[in-house]
Every structure is written in structure tokens, then in C-alpha cells.
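With positions in the sequence shown counted from 1, the corresponding number in our numbering is that position plus 94.
Backbone N, C-alpha and C define an ideal beta-carbon position, used for all residues, glycine too.
Some notes on the structure that comes next.
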Amino acid sequence: MLGTFEAVKDYLITGMGPVLKSMETEDCQLPVPEKRNIIFGTCDLGKNEAKVLVCVVPDTEHEYTGDLSAGVVEGKMVVCFAFRGLPYERLMERMDKYAEAFRMSVRADGSLGGGVLDADIGETQYFPDAGPTHGTVTVAEIELTVRTKENLAAGIDPFA
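Shown next, in the form of C-alpha cells:
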């Protein structure tokens with residue numbers, strides 16, 4: 095799952111980044127998440143002060159063994175976008191636009207830039223007040239299912 099995380103992490107910057115930039119307005123800046131603020135697993139919002147924080151939380155993994163799908167691994171995860179450090183109205187706007195940008199970019203390139211075989215977006219949940227003990231924080235959680243072929247997420251193309 096760690097190799098898949100790296101593919102998702104790279105795609106958040108290279109694939110979703112241009113979509114974010116195209117959605118910016120004068121009143122709503124949408125910075126591309128920094129690599130250091132994209133975390134595998136959950137994070138402590140009290141310790142991480144980033145204005146844009148992304149957590150990729152693994153859920154399940156299943157390896158298919160049939161003839162046609164041998165070696166295909168399906169992994170389910172939740173991609174969480176957390177926002178802080180702006181007036182509440184701007185945080186709500188960011189939450190909505192980042193979720194939309196992620197969904198749009200994955201639908202446009204289901205291979206996440208070639209890092210996986212394909213990916214599907216599931217349910218999106220919004221938490222407009224996720225951090226009452228750590229200041230105002232808004233969060234969008236998006237279910238992501240990815241399918242990889244053995245070693246594809248590690249950069250080895252088994253089809254070559």
C-alpha cells in the first residue's frame with residue numbers, strides 16, 4: 095500500500111495541481127499541497143499547523159487471483175483534505191474546491207499519471223467544523239479505490 099500512497103501523493107501535486115490552479119479566483123487562492131504536508135495515515139491536527147494538509151488513510155486491500163486479473167491488487171483508501179488559517183467562508187470554499195479538483199482530476203486520468211492501473215472516486219464527506227479544539231478546521235474526505243498490478247506502484251511495469 096505504501097507504493098500506492100507514493101503514486102497518489104505524486105498525483106496530488108502533478109495531476110491535481112493544474113486543476114486547482116485553473117479554479118483559483120482573486121478571492122480564493124488554491125495552493126498545491128506541499129509534499130511534506132501529504133501524510134500516509136492519520137495526523138494530529140494539533141501538532142501540524144499546515145494551512146493545507148492531506149492525509150491518505152488506507153482502508154482495505156484485496157489481491158485478485160483469477161486468470162484474467164492475477165496479480166491485480168485493489169486498495170481502498172480515504173483522501174482527507176484539511177484546511178485552516180483563513181476566515182471560515184474561505185475555508186468552506188477551499189474545502190469544496192479541493193474536493194471538486196480531486197474528483198475532476200481522477201476522472202480525467204484514472205491511472206493517476208501512470209502510477210496505478212485505474213482509480214475510482216467514491217463518496218465524499220464534508221466536515222465544516224472538524225477542529226474545535228485546534229481552531230477552525232474544515233475537512234473533505236473522499237473515498238478512493240485504486241487497482242495496481244504487482245510492482246506497478248513501485249515503478250516497474252509488468253506489461254513491458
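Tell me, to the nearest whole angstrom, how far the beta carbon of Phe175 is from that of Lys145; I am working on the premise that it is less than 8 Å. Not a contact, Cβ separation roughly 11 Å.
Would you list the one or two residues that DSSP bridges to Tyr220? Ala234
Applying the 10 Å Cβ sphere with the 16-neighbour rule, what's the burial state of Leu238? buried
Taking only the alpha-carbon atoms, compute the straight-line gap between Asp223 and Val231 and give it to the nearest angstrom. 6 Å
Start and end residues, alpha helix (DSSP H) containing Glu155: That residue, Glu155, is in no alpha helix (DSSP H); its beta strand (DSSP E) goes Val146 to Glu157.
Under the three-state reduction of DSSP, which class applies to Asp203: helix, strand or coil? In the structure shown, Asp203 sits in coil (DSSP, three-state: anything other than H, G, I, E or B).
I think Arg241 touches Asp203, with their Cβ atoms under 8 Å apart; what is that distance to the nearest whole Å? Your pair Arg241 and Asp203 does not check out as a contact, with CB atoms roughly 14 Å apart and the cut at 8 Å.
Apart from the five residues on each side of it in sequence, which residues of its chain come closer than 6 Å, Cβ to Cβ, to Pro152? Met95 and Met171
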